[in-house]
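K.L.:
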Amino acid sequence: MRLQHWITLTFIVVLPLGCTAPEQAGSPAGKAVQSSEKEAAAPSNQAAAKKPRIALVMKSLANEFFKTMEQGARDYNAEHADEFELVVNGIKNEEDISGQVALVEQMMAIKVDALVIAPADSKALVSVLERATKSGIKVVNIDNKLDDAILAERNLQIPFVGPDNRKGARLAGEYLAAKLEPGAEVAIIGGIPSAFNAIQRKNGFEDAMAAGKMAIVESQSANWEMSKASQVVSGIVSEHPGLKALLCANDSMALGAVAALEDAGKLKDVLVVGYDNISAAQALVREGKMLCTVDQHADKLAVYGIQYALELLKTGTSPTNQETAVEVVSAEDLA
Numbered sequence: 367m368r369l370q371h372w373i374t375l376t377f378i379v380v381l382p383l384g385c386t387a388p389e390q391a392g393s394p395a396g397k398a399v400q401s402s403e404k405e406a407a408a409p410s411n412q413a414a415a416k417k418p419r420i421a422l423v424m425k426s427l428a429n430e431f432f433k434t435m436e437q438g439a440r441d442y443n444a445e446h447a448d449e450f451e452l453v454v455n456g457i458k459n460e461e462d463i464s465g466q467v468a469l470v471e472q473m474m475a476i477k478v479d480a481l482v483i484a485p486a487d488s489k490a491l492v493s494v495l496e497r498a499t500k501s502g503i504k505v506v507n508i509d510n511k512l513d514d515a516i517l518a519e520r521n522l523q524i525p526f527v528g529p530d531n532r533k534g535a536r537l538a539g540e541y542l543a544a545k546l547e548p549g550a551e552v553a554i555i556g557g558i559p560s561a562f563n564a565i566q567r568k569n570g571f572e573d574a575m576a577a578g579k580m581a582i583v584e585s586q587s588a589n590w591e592m593s594k595a596s597q598v599v600s601g602i603v604s605e606h607p608g609l610k611a612l613l614c615a616n617d618s619m620a621l622g623a624v625a626a627l628e629d630a631g632k633l634k635d636v637l638v639v640g641y642d643n644i645s646a647a648q649a650l651v652r653e654g655k656m657l658c659t660v661d662q663h664a665d666k667l668a669v670y671g672i673q674y675a676l677e678l679l680k681t682g683t684s685p686t687n688q689e690t691a692v693e694v695v696s697a698e699d700l701a
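Take the sequence shown: its letter number 307 is residue 673 in the working numbering, and every next letter is one higher.
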C-alpha cells in the first residue's frame, strides 16, 4: 500500500459530529461551515484554503466499532493537522440509509475535497457517490464494499480500502470448528442482507463450517443490532436445543446472543463467535462468554482511507483497491 504524508499549513477546522441530515439554514453547524469558508477566503488565511478538507462518513455511531474508527481518525488528524482538515459524521443506526445519503449530499454542498465512507448499504449509496465523484470529490470506500456490478455498470472507479471480510469470518469459523466435533449444530447470525460485508462474512462462516463438516441448522439476519440478535437467538435456541455454536457477523449481535443464551441458561453449552473486536466483546472473551472475535483494526481503517484519499488528491493516479489486515482474537491473545 502506498501511504505517504504531505505538508501544507497549520490551520484546522473540525466540524460537528453526528449530523444525520443536511444542516438547516441558521443552525449552529451551518454557521460553523459558513464561518470557516469565509475565513479561508480571507487574505490572511489564503494558504489555509489550500489545505484539503476530508470528510469521514460512517455508519451507526451507537456501535462502538465506529466510535473507535472516529477516534482513530481524529487522533491521526491531530497528529497531521498541517496536512488536512477533517469533517466527521455518522448516522443514527445501521439502517439509516437515507440519513447517510443526506450526509453525502451535505458534504457535496460544503465542497469537501475527498470523502471517505463506510456505506450503510452496498447498493443504495452508489447513486449519490456517483454524483459526488462527478462533482470532483475523490471518494474512498472503507469497511463495507460497494457493489462491484453496479460500479461497473456505471463505469465508476471507487477504490475499496479495507479487509477481506470473507477471510476474517473464515478464520474465526476455523477457530471455532477446531473446538467442535464434526456434525455439531451451529447457527449464523448475519448483518443487513444487502450489505457486502454481511454477505462476505456469512460466506466465510459457511466456508469454515463446510470444511469442518458442521451442520448449519439456522441462518438468520439481525441487521447488525444487539437487541434484534437477542430476539433471533432466543428463538433459535428454543427450536434447536442441541445447538453448539453461534457465529455472529459483528460483535453487537454477539453481545445480544450472549444475553439471550444467559437468559435461556445455555451460555455454557453454546460457543459464540463475534466480529469487530470491540472492548465489550473483548471483556466477554476474557470471561469465557465468547470464544473469539475478529480484529479488523477499527482505529486504523478510517486512517488508511484518509491516507489513500490524500494520495489520490496529490498524485491524481487511477484508484485501486487496498486490502488491510484481519486476525482472530481469542482469550489466549488477550491474556
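Yeah, the Cβ is synthetic: ideal placement off N, Cα and C, and Gly gets one too. All of these numbers come straight from a predicted model, not from anything done at the bench.
Apart from the five residues on each side of it in sequence, which residues of its chain come closer than 8 Å, Cβ to Cβ, to residue 500?
P.N.:
Here residue 500 is taken as the residue at index 134 of the sequence shown, counted from 1. Cβ within range, chain order: n/a, list empty.
K.L.:
Can you tell me the Cβ-Cβ gap for residue 505 and residue 498, rounded? I've got them flagged as a contact below 8 Å.
P.N.:
Along the sequence shown, one-based indexing puts residue 505 at 139. Along the sequence shown, one-based indexing puts residue 498 at 132. Between residue 498 and residue 505 the Cβ distance is about 6 Å, and since that is below 8 Å, they are a contact.
K.L.:
Would you check if the segment 645-665 and the segment 534-544 touch, i.e. whether three or more CB-CB distances between them fall below 8 Å?
P.N.:
The segment 534-544, when compared against the segment 645-665, does touch it at the 8 Å Cβ threshold.
K.L.:
Name the residue from 675, 531, 550, 646 whose alpha carbon lies nearest to the alpha carbon of residue 567.
P.N.:
Reading the sequence shown from its first residue, position 201 is the one you call residue 567. Checked all of 675, 531, 550, 646; the closest Cα to residue 567 is 531.
K.L.:
With a threshold of 7 Å on Cβ separation, who are the neighbours of residue 442 within its own chain once the five nearest residues in sequence on each side are excluded?
P.N.:
By 1-based counting over the sequence shown, the position of residue 442 is 76. Taken in chain order, the residues that qualify are 669, 672.
K.L.:
I think residue 440 touches residue 452, with their Cβ atoms under 8 Å apart; what is that distance to the nearest whole Å?
P.N.:
Counted from its first residue, the sequence shown places residue 440 at position 74. Counted from its first residue, the sequence shown places residue 452 at position 86. The pair is a contact, with the Cβ atoms about 7 Å apart (cut-off 8 Å).
K.L.:
Can you tell me the Cα-Cα spacing of residue 510 and residue 486, whole angstroms?
P.N.:
As a working note, residue 510 is residue 144 in the sequence shown. As a working note, residue 486 is residue 120 in the sequence shown. Their Cα atoms are separated by approximately 8 Å.
K.L.:
Measure from the alpha carbon of residue 450 to the alpha carbon of each residue in 524, 649, 478, then state which is nearest.
P.N.:
As a first step, residue 450 is located in the sequence shown; it is residue number 84 there, counting from the start. Considering only alpha carbons, the answer is 478.
K.L.:
Tell me whether residue 605 is buried or exposed, calling it buried when 16 or more other Cβ atoms sit within 10 Å of its Cβ.
P.N.:
Looking up residue 605 in the sequence shown gives position 239. So residue 605 counts as exposed.
K.L.:
Our contact map puts residue 468 next to residue 542 with C-beta atoms below 8 Å; I'd like the distance itself, whole angstroms only.
P.N.:
Locating residue 468 in the sequence shown gives position 102, counting from the first residue. Locating residue 542 in the sequence shown gives position 176, counting from the first residue. The pair is not a contact, with the Cβ atoms about 39 Å apart (cut-off 8 Å).
K.L.:
Helix, strand or coil for residue 435? Go by DSSP, reduced to three states.
P.N.:
Position 69 of the sequence shown, counted from the start, is the residue given in the question as residue 435. Here residue 435 sits in helix by DSSP.
K.L.:
Based on the DSSP secondary-structure assignment, which residues constitute the bridge partners of residue 593?
P.N.:
Within the sequence shown, the letter at position 227 stands for residue 593. Per DSSP, none; premise fails for residue 593.
K.L.:
Which value, in whole angstroms, describes the spacing of the CA atoms of residue 489 and residue 523?
P.N.:
Here residue 489 refers to the residue found at position 123 of the sequence shown. Here residue 523 refers to the residue found at position 157 of the sequence shown. Going by the C-alpha atoms only, they are around 14 Å apart.
K.L.:
Reducing DSSP to helix, strand and coil, say where residue 702 ends up.
P.N.:
Only positions 367 to 701 of the chain appear in this structure, which leaves residue 702 out of reach.
K.L.:
For residue 418, which option in 431, 446, 432 has the closest C-alpha, if you only look at C-alpha atoms?
P.N.:
Looking up residue 418 in the sequence shown gives position 52. For residue 418, the nearest C-alpha among the options comes from 446.
K.L.:
Please list the segments of the beta strand (DSSP E) lying wholly inside the segment 618-698, counting only runs of 3 or more residues, in order along the chain.
P.N.:
List check, beta strand (DSSP E) in window: 637-639, 658-661, 688-690, 693-696.
K.L.:
Taking 8 Å as the threshold (C-beta atoms), are residue 460 and residue 494 in contact?
P.N.:
As a first step, residue 494 must be located in the sequence shown, where it is residue number 128. As a first step, residue 460 must be located in the sequence shown, where it is residue number 94. Against a cut-off of 8 Å, the Cβ pair of residue 460 and residue 494 comes out as no contact.
K.L.:
Rank 656, 562, 458, 645 by C-alpha distance to the C-alpha of residue 626 and give the top, closest one.
P.N.:
The sequence position of residue 626 within the sequence shown is 260, counting from 1. Measuring from the Cα of residue 626, the nearest candidate turns out to be 656.
K.L.:
So for residue 524, helix, strand or coil by DSSP?
P.N.:
Position 158 of the sequence shown holds residue 524. Three-state result, residue 524: coil.
K.L.:
Since residue 556 contacts residue 587 with CB under 8 Å, what's their CB separation in whole angstroms?
P.N.:
For the purposes of this step, residue 556 is taken as the residue at position 190 of the sequence shown. For the purposes of this step, residue 587 is taken as the residue at position 221 of the sequence shown. Yes, they are in contact, since the Cβ atoms of residue 556 and residue 587 sit about 5 Å apart, within 8 Å.
K.L.:
Report the rounded CA-to-CA distance for residue 545 versus residue 464, giving the unit in angstroms.
P.N.:
As a position in the sequence shown, residue 545 is number 179, starting the count at 1. As a position in the sequence shown, residue 464 is number 98, starting the count at 1. In a straight line, the C-alpha of residue 545 is about 42 Å away from that of residue 464.
K.L.:
Which class does residue 700 belong to by DSSP, given the choice of helix, strand or coil?
P.N.:
Translated into positions along the sequence shown, residue 700 becomes position 334. Helix.
K.L.:
Quick check: what's the CA-CA separation for residue 607 versus residue 598?
P.N.:
Position 241 of the sequence shown, counted from the start, is the residue given in the question as residue 607. Position 232 of the sequence shown, counted from the start, is the residue given in the question as residue 598. About 14 Å.
K.L.:
Enumerate in chain order the residues of its own chain whose CB-to-CB distance from residue 646 is below 8 Å, with the five nearest sequence positions on each side excluded.
P.N.:
Start at 1 with the first residue of the sequence shown, and residue 646 comes out as number 280. Closer than 8 Å at Cβ, skipping near neighbours: 430, 617, 621.
K.L.:
From residue 581 to residue 634, what does the alpha carbon distance come to, in whole angstroms?
P.N.:
Sequence index remark: in the sequence shown, residue 581 carries index 215 (1-based). Sequence index remark: in the sequence shown, residue 634 carries index 268 (1-based). When rounded, the distance between both Cα atoms is 20 Å.
K.L.:
Distance check for residue 516 and residue 686, CA to CA, integer angstroms please.
P.N.:
Counting from 1 along the sequence shown, the entry for residue 686 is found at position 320. Counting from 1 along the sequence shown, the entry for residue 516 is found at position 150. About 17 Å.
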